[in-house]
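Below you'll find the structure, written out as C-alpha cells, and then a few comments.
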Amino acid sequence: MESHLEKQNRDVLQKSFEEMISTLPKENCWGFSEDQYQYQGFWFTPRFLQGALSAQQQFQAQPTDIILCSSPRTGTAWLKSLTFATITRTSYNDSTTPLLSKMPHDVVPFMEFDHAQFSTNRHLGIPLLATHLPYSFLPRSIIDSGCKLIYICRDPKDTFVSLYHFIAGHCKSQNTQPIQLDEAFELFYEGVSMFGPYWDHVLGYWKASLERPDKLMFLKYEDLVEDTVLYLKKTAEFMGYPFSSEEQQQGVPENIVKMCSFDNLSGLEVIKTGRHRETENNIFFRKGKVGDWKNYLTTEMAQRLDQRTLQKLSGSGLSL
Ligand code: PAP
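Counting from 6, one number per residue, gives the positions in the sequence shown under the working numbering.
Laid out in C-alpha cells, this is it:
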C-alpha cells in the first residue's frame, strides 16, 4: 500500500514530467489516443517516455541478462517465444511450456513497461527481458554489466504496414479513428513513428553490433523466416544455451521452431481471446509474412521508402 509521502512524491514527479514533455515537439500518433513527443531524437508516447526515463534511473542489469531489443512490429513476440523456449527447454516440455497459455509479451516482460514491478514480474532464473528503446536510451547498467543483447529488425516497408495495422486495430478497440494509411506513410517516412525514426533505431544497434559482436547479435526478420532453424541455433549459441549434437539429432531446434511458429501461436486460445494490457492479443499476430507491403503500398510509395532506406543506411554496410 502506497504511503501518503510516496503518493506526494509520485505526484511531484508526474507534474515535473508533464511540464517537461509540454516543452517537446509533439505530433499525432497516427490516431492513437495519446500524442507522441520527440525526445533526444526519437518519438515516444508519454507513457513509453516515462517508462524509458524510469528504466534509465532504476534498472539494474545483471551480467547474465539477455535483452531482446527491437522497434515495434519487427518480430519481438516471435523472438521472445523462440528464446524463451530455448532457454527453458529442460524445465518445460511441449505441453507444459507457459508459451501455450500466455502471450509472449507476458512471458518475457518489457523493461520500460514492467520495470516498476520487476521483483514480481521478472521470472526468477529466466534471464530474458525485452525493450523497444533505441540503443542510445538503454540504461547505463545494460552496457556496463556486459550482458548480451539481441536486436531484430525488418524491412521498413513491412514494418510500416504492420505498425499501421497495429495502431488501426488498437484505435478500433478504443473507438478512435486511425489516420489514413497514406498520411501515416508520410509520417513514417519523416521518421515520426513510435520509437522512430525507424532507421535511426536500427542504425544505433547496427553500429553497436559492429563494435561489440560478442555482446550484440543483430538479426533480420526476413532471415529468420527464411531459415528459422539455422538462426535459432545461432541465437542459442550466442545466448550461451547451444543445442548439443544429441539434441540436434533428436530434432529439438525443429520442435521449438514448430511450437513458436506463427500458425501454432496464433491458433492458441490465449492469443485468440486473451488481452495484453488494454490490447487484444490477436492484434499482435496479423499475418507473419515477408512482403505483405505489396498489398498496401503503391509502387511509388515502395520506391520512395526504399530510396529513403538506401539514403539513411548509406555507408553503414547494412541493407534492409
Ligand atoms: P510488437 O512490437 O507489437 O510486439 P512484434 O512482435 O515486434 O510486434 O511484431 C509483430 C509482427 O510479427 C507481426 O507482423 P505482421 O503485422 O506483418 O503480420 C506479427 O504477425 C509477426 N509475428 C508474430 N508472431 C510471429 C511468429 N511466431 N512468426 C512470424 N511472425 C510473427
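For every residue, glycine included, the Cβ atom is placed at its ideal position computed from N, Cα and C.
Buried or exposed: where does residue i fall if 16 or more other Cβ atoms within 10 Å of its Cβ makes it buried?
{"i": "Ser167", "result": "buried"}
{"i": "Gln308", "result": "exposed"}
{"i": "Glu24", "result": "exposed"}
{"i": "Ser198", "result": "buried"}
{"i": "Leu235", "result": "exposed"}
{"i": "Ser324", "result": "exposed"}
{"i": "Pro202", "result": "buried"}
{"i": "Val262", "result": "buried"}
{"i": "Arg78", "result": "buried"}
{"i": "Gly209", "result": "buried"}
{"i": "Asp187", "result": "exposed"}
{"i": "Glu283", "result": "exposed"}
{"i": "Lys153", "result": "buried"}
{"i": "Ser86", "result": "buried"}
{"i": "Asp70", "result": "buried"}
{"i": "Pro161", "result": "buried"}
DSSP on residue i, reduced to helix/strand/coil?
{"i": "Thr240", "result": "helix"}
{"i": "His137", "result": "coil"}
{"i": "Leu221", "result": "strand"}
{"i": "Leu154", "result": "strand"}
{"i": "Tyr210", "result": "helix"}
{"i": "Phe290", "result": "coil"}
{"i": "Cys74", "result": "strand"}
{"i": "Arg282", "result": "coil"}
{"i": "Phe142", "result": "helix"}
{"i": "Glu188", "result": "helix"}
{"i": "Leu31", "result": "This sequence places Lys at residue 31; Leu is not what is there. Reduced to three states, the DSSP call for Lys31 is strand."}
{"i": "Gln19", "result": "helix"}
Distance, Cα to Cα, residue i vs residue j?
{"i": "Val230", "j": "Ser8", "result": "50 Å"}
{"i": "Leu221", "j": "Lys212", "result": "10 Å"}
{"i": "Ser214", "j": "Gly322", "result": "12 Å"}
{"i": "Thr125", "j": "Phe64", "result": "Per-residue confidence for Thr125 stands at a pLDDT of 44, beneath the threshold of 50, marking its modelled position as unreliable; no derived number is given."}
{"i": "Lys238", "j": "Ser249", "result": "10 Å"}
{"i": "Ala82", "j": "Tyr194", "result": "25 Å"}
{"i": "Phe142", "j": "Val113", "result": "20 Å"}
{"i": "Ser150", "j": "Thr240", "result": "20 Å"}
{"i": "Tyr97", "j": "Ile131", "result": "13 Å"}
{"i": "Glu252", "j": "Pro258", "result": "8 Å"}
{"i": "Gln185", "j": "Gln254", "result": "50 Å"}
{"i": "Cys176", "j": "Gln182", "result": "6 Å"}
{"i": "Lys20", "j": "Asn14", "result": "10 Å"}
{"i": "Gly279", "j": "Asn286", "result": "6 Å"}
{"i": "Ser38", "j": "His281", "result": "17 Å"}
{"i": "Leu58", "j": "Asp219", "result": "27 Å"}
{"i": "Glu32", "j": "His170", "result": "19 Å"}
{"i": "Leu310", "j": "Val17", "result": "43 Å"}
Thinking residue i and residue j are a contact (beta carbons under 8 Å), I'd like their distance in whole angstroms, please.
{"i": "Pro103", "j": "Asp205", "result": "That belief does not hold up - the Cβ atoms of Pro103 and Asp205 are roughly 34 Å apart, past 8 Å."}
{"i": "Asn75", "j": "Ile172", "result": "The question names Asn, but residue 75 is Ser in the sequence shown. Contact flag wrong, Cβ pair sits at about 17 Å."}
{"i": "Asp163", "j": "Asp297", "result": "6 Å"}
{"i": "Val295", "j": "Met108", "result": "Between Met108 and Val295 the Cβ distance is about 23 Å, and since that is not below 8 Å, they are no contact."}
{"i": "Leu54", "j": "Ile72", "result": "Actually they are not in contact, since the Cβ atoms of Leu54 and Ile72 sit about 19 Å apart, beyond 8 Å."}
Any chance the segment 85–99 sits against the segment 43–63, with 3 or more Cβ pairs inside 8 Å? no
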